[in-house]
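Chemist: Just passing along the structure, written as structure tokens.
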Amino acid sequence: FVGGFIGHITTGSRELEAFFEEIGEEAMVPVTVLSFRHPGGDEKARFVLPMVHPGPMGDIGGGNLPAHIADRTEGLAFVPHATASHDFNLVTDREIGAIHEAVERASEDIEYSTTGTTSRRVREGDATLTGHRFGDDALMIASFWPEYADDIEYAVGLSAVSEAHATGLDEVLLADAHNCNDGLAGSDTGHVVPGSERSFDLIRGARQLGEHLDATEQHSLRLGTAWDETDWDISDGIGPLGVRVAVLEAGSGLTAYDADTRVGRQIAHEEFVAVVDSLIDRARADLEPVEAGMESELVEVTVFGNDSTETLASHANAMLPMATALATAFVFAVLSVSALIFLLASNAGL
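In the numbering used here, each residue carries its 1-based index in the sequence shown increased by 1346.
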């Protein structure tokens, strides 16, 4: 681990993946696909939710998972944050192939509906859930705003989906909005863990939302999308997919979604808000009739495993100062050798 970590931050090597693969554990995870297509025709947009965590870093493991999925999607791809923590990071980017196969299997089995509900919202304790129903399937987005929160544990997400199924839903895509985080300094990691009050807020909220959606009239659907790759990059806190917006209309209701769990810490808020506002306007102008359908597949992948993240994080924190010192020593050694060669060459010339 030490050698792989130092190699990654100094030379960009992939030795870390070999280490993660050795300690990883097999896990069964659902992969859910929500597809919107032109009536009887081509796909317009696709929401893909593998129940894994998009990490651990950069292009290591599943760190670049959203971009990989987008590259293989017919319509505009939206890859929201799943209800999973870093324990469900993929150990290598090779695991992404299994995710792709599950997405393809799910896509082939989708049955489409021509109707859907306006968005409904419920609040239970700290949890707020917003969603739509399409035929007998539902999209649900969970947020703990204005309270701070980080990852929702895998078991909590599964329990919430199970409660939603109990209201008569066939398929449920439950995404973590991941939209209120203060850096989580200190001992409180902000994770929504099994047995916590917040976990029960989410579980009860999922059932409530399912019941509300069951009682809500369905209407014909229209969807508009827009995408700006932007000039921002990773150093600004914006990933390779830029900013993507989907606006969904059912009846008289309009709801805007994006799939981007960006940080954007280096960007002035007014600049970022202006981009989002512009995309919403473009997406509204793009509204057109669609059908919606959802399907899920289980897939076996290798992930970090239970409680591995805390152990790895402690090692990484201990190694970071060492790696920085070693990198500095390496640069100093290279400069010293270069200077010595220059002096020897100069003396030889004399």
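Built from N, CA and C at the ideal position, the CB exists for glycine as well.
1) State buried or exposed for Gln1554, treating a residue as buried only when at least 16 other CB atoms are found within 10 Å of its CB.
2) For Val1707, count the other beta carbons within 10 Å of its own beta carbon; 16 or more makes it buried, fewer makes it exposed. Which is it?
3) Taking the CB atoms as reference points, tell me whether Glu1499 and Gly1551 lie closer together than 7 angstroms.
4) So, with DSSP's three-state summary, where would you put Phe1751?
5) What runs of the alpha helix (DSSP H), each 4 residues or longer, lie entirely inside the stretch 1435-1475?
6) Anyone know if the C-beta pair for His1558 and Arg1466 falls short of 7 angstroms?
7) Tell me, please, whether the stretch 1411-1420 touches the stretch 1513-1527 by the rule of three or more beta-carbon pairs shorter than 8 angstroms.
8) When you compare only the Cα positions, how much space is there between Ile1487 and Thr1476?
9) Residues in its own chain within less than 8 angstroms of Pro1635 by CB, not counting five upstream and five downstream?
10) Only counting runs of 4 or more residues, tell me where the alpha helix (DSSP H) segments fall wholly within the stretch 1500-1536, in order along the chain.
11) Expressed to the nearest angstrom, what Euclidean distance is found between the alpha-carbon atoms of Ser1631 and Trp1573?
12) Among Glu1617, Asn1525 and Thr1513, whose alpha-carbon lies nearest the alpha-carbon of Asp1496?
13) So what's Thr1357 in DSSP terms, helix, strand or just coil?
14) Please report how far the alpha carbon of Ala1428 lies from the alpha carbon of Lys1390, in whole angstroms.
15) Identify the continuous alpha helix (DSSP H) that holds Asp1417 and give its terminal residues.
16) Cβ atoms of Ala1605 and Val1424: under 7 angstroms apart, would you say?
17) Is the separation between the beta-carbon of Ile1549 and that of Glu1509 shorter than 7 angstroms?
18) For Ala1413, which residues in the same chain have their Cβ closer than 8 angstroms to its Cβ, ignoring the five residues on either side in sequence?
19) Return yes when the C-beta of Leu1633 is under 6 angstroms from any heavy atom of the ligand NAP, and no when it is not.
20) Report the three-state DSSP secondary structure of Gln1554 (helix, strand or coil).
21) Quick check on the burial criterion: 16 or more other C-beta atoms within 10 angstroms. Buried or exposed for Leu1436?
22) For Pro1426, which option in Arg1451, Val1377 and Ala1561 has the closest C-alpha, if you only look at C-alpha atoms?
23) Within the same chain, show all residues whose beta-carbon is closer than 7 angstroms to that of Trp1578, passing over the 5 residues directly before and after it, in chain order.
24) Thr1571 and Ala1638 - do their beta-carbons sit closer together than 7 angstroms?
25) In the DSSP assignment, what residue or residues form a beta bridge with Met1397?
26) Going by alpha carbons, who is nearest to Leu1644 out of Leu1485, Ser1545, Glu1450 and His1432?
27) By alpha-carbon positions, which one of Gly1651, Ala1620, His1446 and Ala1602 ends up nearest to His1478?
28) My output table needs one value for Leu1587: the three-state DSSP class, helix, strand or coil.
29) Would Thr1576 pass as a contact of Thr1463 if the rule is Cβ separation under 7 angstroms?
30) What's the C-alpha gap between His1399 and Ser1431?
Modeler: Taking the coordinates as given:
1) Counting from 1 along the sequence shown, the entry for residue 1554 is found at position 208. So Gln1554 ends up on the buried side.
2) This structure leaves residue 1707 out entirely; the chain is present only between 1347 and 1696.
3) As a first step, residue 1499 is located in the sequence shown; it is residue number 153 there, counting from the start. As a first step, residue 1551 is located in the sequence shown; it is residue number 205 there, counting from the start. The Cβ-Cβ distance between Glu1499 and Gly1551 does not fall below 7 angstroms.
4) No answer is possible for residue 1751: the residues shown for the chain start at 1347 and end at 1696.
5) 1442-1454
6) Within the sequence shown, numbered from 1, the residue matching residue 1558 stands at position 212. Within the sequence shown, numbered from 1, the residue matching residue 1466 stands at position 120. Yes, they are a contact pair.
7) Counting Cβ pairs under 8 angstroms, fewer than three are found: no touch.
8) What you label residue 1487 is simply residue 141 of the sequence shown in a count that begins at 1. What you label residue 1476 is simply residue 130 of the sequence shown in a count that begins at 1. Their backbone Cα atoms lie some 5 angstroms apart in a straight line.
9) The residue labelled residue 1635 in the question sits at position 289 within the sequence shown. Closer than 8 angstroms at Cβ, skipping near neighbours: His1384, Pro1385, Ser1566, Leu1567 and Arg1568.
10) 1500-1511
11) In the sequence shown, counting from the first residue as 1, residue 1631 sits at position 285. In the sequence shown, counting from the first residue as 1, residue 1573 sits at position 227. Reading off the sequence shown, one finds Ala at residue 1631, where the question assumed Ser. Looking at the backbone, the Cα of Ala1631 and that of Trp1573 are separated by about 13 angstroms.
12) Locating residue 1496 in the sequence shown gives position 150, counting from the first residue. Closest option to Asp1496, Cα to Cα, is Asn1525.
13) Residue 1357 sits at position 11 when you count from the first residue of the sequence shown. Bear in mind that the predicted position of Thr1357 carries a pLDDT of just 46, short of 50, making it unreliable; the figure below should be weighed with that in mind. Thr1357: helix per DSSP, three-state reduction.
14) Residue mapping note: residue 1428 aligns to position 82 of the sequence shown, counting from 1. Residue mapping note: residue 1390 aligns to position 44 of the sequence shown, counting from 1. Cα-Cα distance, rounded: 22 angstroms.
15) The residue given as residue 1417 occupies position 71 in the sequence shown. Run containing Asp1417: Leu1411 to Asp1417, per the alpha helix (DSSP H) assignment.
16) Mapped onto the sequence shown, residue 1424 falls at position 78. Mapped onto the sequence shown, residue 1605 falls at position 259. The question names Val, but residue 1424 in the sequence shown is Phe. Cβ atoms of Phe1424 and Ala1605: closer than 7 angstroms.
17) Numbered from 1 along the sequence shown, position 203 holds the residue referred to as residue 1549. Numbered from 1 along the sequence shown, position 163 holds the residue referred to as residue 1509. Against a cut-off of 7 angstroms, the Cβ pair of Glu1509 and Ile1549 comes out as a contact.
18) Translated into the one-based positions of the sequence shown, residue 1413 becomes position 67. Closer than 8 angstroms at the Cβ level, and outside the excluded window around Ala1413, lie Gly1585, Pro1586 and Leu1587.
19) By its list of ligands, the structure shown contains no ligand whatsoever, and the ligand NAP lies outside what it can speak to.
20) One-based indexing of the sequence shown puts residue 1554 at position 208. Under the three-state reduction of DSSP, Gln1554 is assigned to helix.
21) In the sequence shown, counting from the first residue as 1, residue 1436 sits at position 90. Its Cβ being crowded by 16 or more others within 10 Å, Leu1436 is buried.
22) Translated into the one-based positions of the sequence shown, residue 1426 becomes position 80. Closest option to Pro1426, Cα to Cα, is Val1377.
23) Residue 1578 sits at position 232 when you count from the first residue of the sequence shown. Around Trp1578: Ile1584 and Ile1613.
24) Your numbering for residue 1638 matches position 292 in the sequence shown. Your numbering for residue 1571 matches position 225 in the sequence shown. Contact flag unset, no.
25) Start at 1 with the first residue of the sequence shown, and residue 1397 comes out as number 51. According to DSSP, which records beta bridges pairwise, Met1397 is partnered with nothing at all.
26) The sequence position of residue 1644 within the sequence shown is 298, counting from 1. Ranking the options by Cα distance to Leu1644, first place goes to Glu1450.
27) For the purposes of this step, residue 1478 is taken as residue 132 along the sequence shown, with counting starting at 1. That would be Ala1602, whose Cα lies nearest to the Cα of His1478.
28) For the purposes of this step, residue 1587 is identified with residue 241 of the sequence shown, where counting begins at 1. If DSSP states are grouped into helix, strand and coil, Leu1587 belongs with coil.
29) Here residue 1576 corresponds to residue number 230 of the sequence shown, with the count starting at 1. Here residue 1463 corresponds to residue number 117 of the sequence shown, with the count starting at 1. Taking 7 angstroms as the Cβ cut-off, Thr1576 and Thr1463 do not qualify as a contacting pair.
30) As a first step, residue 1399 must be located in the sequence shown, where it is residue number 53. As a first step, residue 1431 must be located in the sequence shown, where it is residue number 85. Going by the C-alpha atoms only, they are around 6 angstroms apart.
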